[in-house]
Every structure is written in C-alpha cells, then in structure tokens.
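Take 2 as the starting number for the sequence shown in our numbering and just add one per residue. We put the beta carbon where it would ideally sit given N, CA and C, even for glycine. Given the structure is predicted, the values throughout are model-derived calculations rather than measurements.
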Amino acid sequence: MDTYGDLPFPRTGLALDALRLARDTESPAIFNHSMRSYLYGRFLGERQGLRPGHDYDDELLFLGCVLHDIGLTPHGDRGGRFDIDGADTAAAFLHDRGVAADRVEVVWDAVALHLCFDVAIRKRPEIALVTAGAGYDLGPEGPALPEGYADRVHAVLPRLRAAAALHDAIVDQALADPGKAPPFSTPGELLRQHTGERWPTWRELMSGEAGWGDYAGI
C-alpha cells in the first residue's frame with residue numbers, strides 16, 4: 002500500500018487481500034476506478050457528517066468499493082449479471098477468509114446494489130457510500146472536492162478512460178453471453194445501445210406463451 006502514499010486506504014490484512022484480488026484480476030482502468038470509488042465514497046460520507054470507524058465500518062466500505070466490479074473479470078464471471086456475480090464472488094472470497102456472515106452480507110449488498118442508486122442510498126453507509134463513490138468517480142455531481150485533491154488521486158490512480166473501459170467490459174461480456182444482459186437492466190441497456198437491437202415491450206413480454214393472458218382481447 003506504500004504506492005498510495007497518504008491516501009486514506011485501510012491497511013488491514015483483509016483489505017490488502019481484497020486489493021490484491023482486484024488488482025490481479027481487473028484491468029488497470031477498472032481497478033483504479035474501484036480504488037477511487039472508496040476515496041470519493043469516504044469524502045461524500047464526510048460531507049454528510051459520517052466518520053469512518055464511528056458512523057460506519059471503514060473496512061467494509063473499502064471491501065465493497067474495491068470488489069464492486071469484480072464481476073467484470075473472468076475470475077468473477079458466474080454466468081449472471083456482473084453486479085450479482087460480483088457480489089457472489091466477493092462473498093465467497095470473504096467466507097473463505099472466515100469473515101462473519103453479517104459482515105459478508107453487508108459487502109454482498111454493497112456490490113449487488115451498486116447499480117441501484119435509489120435503493121442503495123437508503124441503506125446503511127457502508128452500502129450507500131459504495132454506490133455514491135462509484136457514481137462520483139464517473140460523474141462528479143454533488144459537493145466539490147477540496148482543491149487539488151482530484152489531482153492527487155489521479156496522480157496515483159490515473160483514470161485510463163474509466164467510463165469507456167467499464168462500458169466495453171460490460172458490453173463484451175454481454176456479447177459473449179446475452180444472458181448477462183437481460184432487458185431493462187443496465188447491462189441490457191448498454192448492449193441494446195451497442196447493437197441497436199429492439200427490446201420487447203412490456204405488453205409483448207406479458208403476452209408471451211408463458212403469460213397469464215392478461216392482455217387477451219385487448
């Protein structure tokens with residue numbers, strides 16, 4: 002962790018193990034995004050008056066952030082949506098290290114919900130700040146960072162076209178396995194934009210052979 006200078010990353014053994022897993026399996030752009038998500042999530046928490054170690058568990062916040070896109074890697078690909086695959090992969094990683102089930106559940110929720118902003122921000126800080134920090138790294142809406150802070154962060158964790166890298170990773174997974182991008186999901190929408198494919202409408206889905214006939218005669 003000396004590489005990151007005075008940036009306030011937790012240095013516990015579990016945090017370092019999670020960092021190594023993400024660094025060794027993710028592309029540099031996605032890994033850097035995951036690390037920055039923690040810094041920005043922590044910053045946004047401070048702006049809400051939340052103190053790490055007092056109002057939330059700082060290690061859990063870091064684990065959720067650093068592993069939130071692990072489902073975009075071959076290691077984390079379990080055949081489902083990348084957010085859910087990532088949550089399952091993070092949970093397995095923590096279970097293997099003897100982490101208590103209630104702590105594993107927090108990280109699972111943080112990873113699984115990070116695309117569901119309106120849900121995640123209503124959850125406990127360790128979950129809400131993962132989503133907030135990841136979103137801030139891609140589009141910094143909200144309170145302004147202290148002067149020079151973004152430059153310090155980017156000097157250590159360069160952006161490497163993070164938004165484009167995430168888009169391409171999600172779409173590449175979906176092109177290889179369309180089941181990872183169901184209609185109306187974020188991966189599904191990105192795949193639709195990429196291919197131009199038309200998704201079925203709600204009525205078409207409800208009128209299919211497996212439906213109950215609610216639209217019959219209408």
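Residue of the options minimising C-alpha distance to residue i
i	options	result
L114	A145, E142, R82 and D103	R82
I85	G50, L116 and H96	L116
R160	V107, P188, R193 and G140	G140
G197	Y39, V172 and G212	V172
V107	M36, P75 and L68	L68
E47	T4, W203, L192 and G134	G134
G65	W109, L51 and P75	W109
P75	A101, R104 and Q174	Q174
A163	N33, T13 and R12	N33
F10	S38, E27 and D25	S38
A23	F94, P144 and V100	F94
L206	P183, H195 and H55	P183
R204	V100, I219 and H195	I219
V112	A102, A92 and V100	A92
Identity of the residues DSSP links to residue i by a beta bridge
i	result
Y57	P53
Own chain residues within Cβ distance below 6 Å of residue i, not counting five before or after
i	result
A121	L114, I128, A129 and T132
G77	I71, D86, G87 and T90
R21	none
P53	D59
For residue i, the first and last residue of its enclosing alpha helix (DSSP H)
i	result
T13	Segment: none, T13 is in no alpha helix (DSSP H) and carries neither H nor E.
T74	Segment: none, T74 is in no alpha helix (DSSP H) and carries neither H nor E.
H115	Taken as a continuous stretch (DSSP letters only), H115 belongs to no alpha helix (DSSP H), as it is neither H nor E.
D215	It is not in any alpha helix (DSSP H) - D215 carries neither H nor E in the DSSP assignment.
H195	T187 to T196
G143	Element bounds for G143: n/a, residue is neither H nor E.
S35	P29 to R48
V172	A163 to A177
W203	W203 to M207
G87	F83 to D97
D152	Y150 to V157
Sequence-distant residues of its chain with Cβ nearer than 7 Å to residue i (five each side left out)
i	result
I31	D70, L73, A166, L167 and A170
R193	W200
T187	L116
G136	F118
M36	V67 and L158
Proximal residues to residue i (C-beta, below 8 Å), its chain only, five neighbours per side dropped
i	result
R98	L15 and D18
V157	T4, Y5, G6 and L8
R125	Y57 and V107
G180	G80 and G81
D29	In the sequence on display, residue 29 carries Pro and not Asp. L161, listed in sequence order.
T13	E60
Whole-number beta carbon distance between residue j and residue i, since they are thought to touch under 8 Å
i	j	result
F44	L146	7 Å
D178	G80	7 Å
D138	Y41	5 Å
L61	R104	6 Å
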